[in-house]
Every structure is written in C-alpha cells, then in structure tokens.
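Heads up: the sequence shown begins at 0 in numbering that gives the first Met the number 0, then just goes up one per residue. Using N, Cα and C, we set each Cβ at its ideal position, and we do this for glycine too. Just so it is clear, the structure is predicted and the values come from calculations on it, not from any experiment.
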Amino acid sequence: MHRGLLGRKRLVSVVALMLGVAVLVGVPSRVVEADTKSVWSRFTDVVKHLRDDAKDTLDWVRDKWASTADEMKQFWAKNTDGEWWKSCRVCDRVPAIGKQPCRNVCAKIRRSYERETPTKYPIVILHGLVRAPIGRYFFGVPEYLNKHGFDASVPTMSSWNTPEQHVRFLLPYIKGVLRRTGAAKVNLIGHSQGGLDARAVAALGGAPFVASVTALMSPHRGAIPADDFVAKIERRSGGATVADLLLRAAYPGVEGGARGNFDSIRALTTSALKKFNRRIKDQPGVKYFSYSGSSHPKECPNKDNATFANVLQSGLVSTWKVIHDKLGEVHNDGQVHHDSARWGEFLGDLPSDHWDLGGLPFGLNDYDYLDFFLRHARLLRERGF
C-alpha cells in the first residue's frame with residue numbers, strides 16, 4: 000500500500016520509533032523527576048498507551064479496508080488529507096524530549112498530502128480495453144491526485160470497444176470537463192488501449208482540446224498476445240462469430256457506449272495497428288509521451304537478465320511467455336513489448352507489469368503506482384501542460 004496511507008508497516012515503524020525513544024530517552028528523563036512513581040511504572044504506562052493506540056489504529060484501518068468499494072472511495076476522499084495525524088495521540092503521550100521526533104514523522108506523512116500547484120490543464124485518465132471486473136481501475140488515483148491539488152478524473156467507458164468507438168464517447172466527456180473547469184484543453188493519460196484512445200481522440204476532431212497525450216504501456220505497434228489469441232479463435236470454424244456474440248451479450252455498453260465486440264481485440268493486433276498508425280496521425284500542437292513496463296514471472300527462463308524487482312502477476316505469466324517466445328524479450332510487462340510501447344517522447348521503462356500501473360486489483364500490487372501518477376502530473380506541470 001502507498002506510503003501516504005497509514006498501513007501496518009508504517010504503524011510498526013512509528014511504534015518502534017516511540018518504543019526506542021521511551022527506552023533510550025524517556026526512562027532517563029523520568030529518573031531525574033521528583034515523582035512518586037517508579038521508572039519502570041512510568042515506562043510501562045508509556046508502553047500501554049502505545050499498545051492501546053496501536054490497537055485502535057489497526058482496528059480503524061481494518062474497519063475501513065473491510066468496507067465496500069463505495070465506502071473505500073469515501074475513505075480516500077475523506078481520510079487521506081492527514082488530519083488524523085495532526086492530533087496524534089502517540090506524540091502527546093511520549094516523554095517530552097521524544098515529542099519532536101514523533102511530530103517529525105507525522106509531519107512527513109502530512110506533507111505527502113499537501114496540495115500543490117496544479118497542472119495548467121486538467122488531467123483525464125483513460126482505462127484500457129476492459130473495465131476492471133474485480134477492483135476499480137486506477138484504484139485511488141484520481142482521489143490521490145485531487146488531494147494533491149491536481150484536477151484529475153477517470154471516465155467509465157464501455158469494455159471491449161475499439162479506439163474509434165471510444166472516441167465517440169470521449170469527445171463529449173472532454174468538452175464537459177472543459178465546461179466544468181473553464182480550461183481550454185486537457186491532458187490525456189491512457190493505460191494500455193487507453194493510450195490508443197487518447198491518440199485517436201486527438202486525431203479525430205479533439206486536437207483543439209488536447210494539450211498532451213501520455214501512453215502507458217500502450218501497444219502502438221500491436222500486442223503479440225492479441226495476435227496469438229485472434230489467430231487461435233479464427234482458426235476455429237465460427238470462432239470469431241461466437242466470440243463476438245458472447246462479448247455483445249456480456250458487455251452491453253455503458254452510458255451510450257457500444258456493445259462489446261470481437262473487433263476490439265482485432266484492433267490490437269500487429270496488422271491492425273499498422274493500419275491504425277497510417278490513419279491516426281500525431282497532431283501539431285499536441286505533445287506525445289510514452290512509458291513501457293518490465294516484469295518477469297517467478298520462474299523466469301532467463302534469470303540472469305531478469306533483474307527487475309517487480310514479479311509478474313500470475314494472470315500475466317502465459318502472455319509474458321508468448322512475447323518472450325516470439326521476440327526473446329525477457330523484459331516486457333506481460334502484454335506489450337518495449338518497441339510497441341514507445342511513442343513520441345519516451346520517458347522510460349517502469350518496473351511494473353501491465354496490471355500494476357492500473358492499480359489492479361484493488362491497488363494490491365508491488366508497484367507504487369500512486370507515486371508514479373503524482374510524479375507524472377508534476378512533470379506535466381513542469382513542462383507547462
């Protein structure tokens with residue numbers, strides 16, 4: 000969990016710090032006091048208070064995280080501003096000489112949620128091909144950026160739609176953001192297919208309203224797993240028709256969006272992206288950025304080269320191997336290979352698999368995706384966007 004949210008590791012660190020202060024500083028300071036209580040009695044009082052506070056805090060966190068997704072959204076909105084730490088009971092109860100170190104820790108946590116100067120243009124973050132079936136896509140990202148002073152939003156688009164189908168939904172949505180904020184343009188950040196959606200928006204009538212496009216692990220030159228999957232389906236008699244019917248039945252579309260369809264998967268193949276890139280041109284006046292990702296399964300076939308700390312989520316192991324077997328590329332994100340992810344100004348390779356950066360599932364992964372989005376928002380601000 001991100002360091003800004005009070006979690007068990009943070010709590011253990013704070014409690015350990017307070018115990019150290021109590022032992023190394025608090026006890027000697029009590030000895031010189033003219034007090035009827037023994038040093039040991041005062042020390043045990045401090046430990047008891049710390050233990051009680053630790054239990055209260057763990058109960059508080061447990062209760063919040065046990066709530067529903069809707070309650071979690073409210074949790075992010077109401078409790079990530081650091082207010083709880085401004086009245087830290089641990090700081091109040093440690094010996095006098097230990098109060099300041101405790102307050103320094105609390106101040107550091109508070110600073111992680113201080114509001115900053117926002118970007119010139121609001122940020123719109125686009126999800127990939129499929130809205131998260133379990134856990135919210137970009138879990139906590141817009142709330143986190145908003146708490147830092149940035150205007151960020153995530154539109155809910157229909158799953159299994161092509162980029163062109165998403166454009167018909169996104170253009171009115173962007174105009175609504177502009178009316179709400181009074182801004183002239185937006186910054187588009189798209190994960191996976193969302194990066195292609197952002198490019199399509201700029202090329203198909205949205206260029207006057209788009210300041211920048213940032214593609215996160217997007218398959219600009221096609222996704223090898225999509226090639227493999229489409230080929231397997233189309234080899235079966237009537238396979239594509241059945242797949243299309245199933246997607247249309249299971250994904251009826253949201254907010255006027257199109258039904259799910261098999262063309263959305265075809266659109267991510269290498270051959271389809273060649274046509275897409277001839278048709279969807281970069282627009283003058285729009286700045287394009289991109290990132291790739293790297294991860295590896297626990298049983299990596301080339302362990303000497305798999306140096307990234309991030310371990311691939313189990314659901315991506317098979318597609319990681321498809322890319323590895325086709326290209327011999329050990330460092331890929333489990334869906335998109337490096338060359339395909341590069342577009343415009345390449346800003347780097349992230350130690351993240353394809354799902355981590357989307358905050359899936361429920362933000363429970365081993366990459367600090369919240370910090371990444373904050374750092375990129377700051378970069379956009381520094382670049383004048």
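Between the Cα of Q282 and the Cα atoms of A340, V200, F261 and R265, which residue gives the shortest distance? Ranking A340, V200, F261 and R265 by Cα distance to Q282 puts V200 first.
CB-CB under 8 Å to R377, same chain, minus the five flanking residues each way: which ones, in chain order? Here the set comprises E115.
Straight-line CA distance for F168 to I124? Cα-Cα distance, rounded: 14 Å.
Rounded to whole angstroms, what's the CA-CA distance from L195 to I322? Just pull it up for me. Across the structure, L195 and I322 are spaced so that their CA atoms are roughly 20 Å apart.
Which word fits K184, buried or exposed, when buried means at least 16 other C-beta atoms lie within 10 angstroms of its C-beta? By the C-beta density criterion, K184 is buried, having at least 16 other C-beta atoms within 10 angstroms.
Hey, how far is the Cα of A230 from the Cα of K325? Cα to Cα, the separation comes out at about 14 Å.
Check whether the Cβ atoms of H330 and S270 lie closer than 8 Å to each other. Going by C-beta atoms, H330 is not nearer than 8 Å to S270.
Name the DSSP bridge partner or partners of V209? Partner(s): V185.
Rounded to the nearest angstrom, how far is the Cβ of M216 from that of V129, given a contact under 8 Å? Their Cβ separation, rounded to whole angstroms, is 14 Å, which puts M216 and V129 out of contact at 8 Å.
Quick one: what's D365 bridged to in DSSP? Per DSSP, none; premise fails for D365.
What are the boundary residues of the alpha helix (DSSP H) that includes I279? No alpha helix (DSSP H) contains I279, which DSSP labels as neither H nor E.
Between which residues of its own chain and H353 is the CB-CB distance below 7 Å, once the five residues before and five after are set aside? Cβ neighbours of H353 beyond the five flanking positions: S191, M216, G292, L315, D332, G333, Q334 and V335.
Alpha helix (DSSP H) runs contained entirely in the region 127-194, provided each spans 4 or more residues: Taking 4 residues as the shortest admissible run, the region 127-194 contains the following complete alpha helix (DSSP H) segments, listed from N- to C-terminal end: 140-146 and 162-180.
Local Cβ density within 10 Å of L246, reported as buried at 16 or more and exposed below that: L246 is buried by the Cβ-count criterion.
Can you tell me whether G181 is buried or exposed? The criterion is at least 16 other CB atoms within 10 Å of its CB, across all chains shown. Exposure of G181 is indicated by the presence of fewer than 16 other C-beta atoms within 10 angstroms of its C-beta.
Test item: CB-CB of L189 and L369 under 8 Å: One point to set straight first is that residue 189 is Gly, not Leu, in the sequence displayed. No, the Cβ-Cβ distance between G189 and L369 is not below 8 Å.
So what does DSSP say about S217, is it helix, strand or coil? Assignment of S217 by DSSP, reduced to helix, strand and coil, places it in the coil class.
What first and last residue would you give for the alpha helix (DSSP H) that runs through G238? G238 -> alpha helix (DSSP H) spans G238 to A249.
Which one or two residues does DSSP pair with G292 in a beta bridge? According to DSSP, which records beta bridges pairwise, G292 is partnered with L349.
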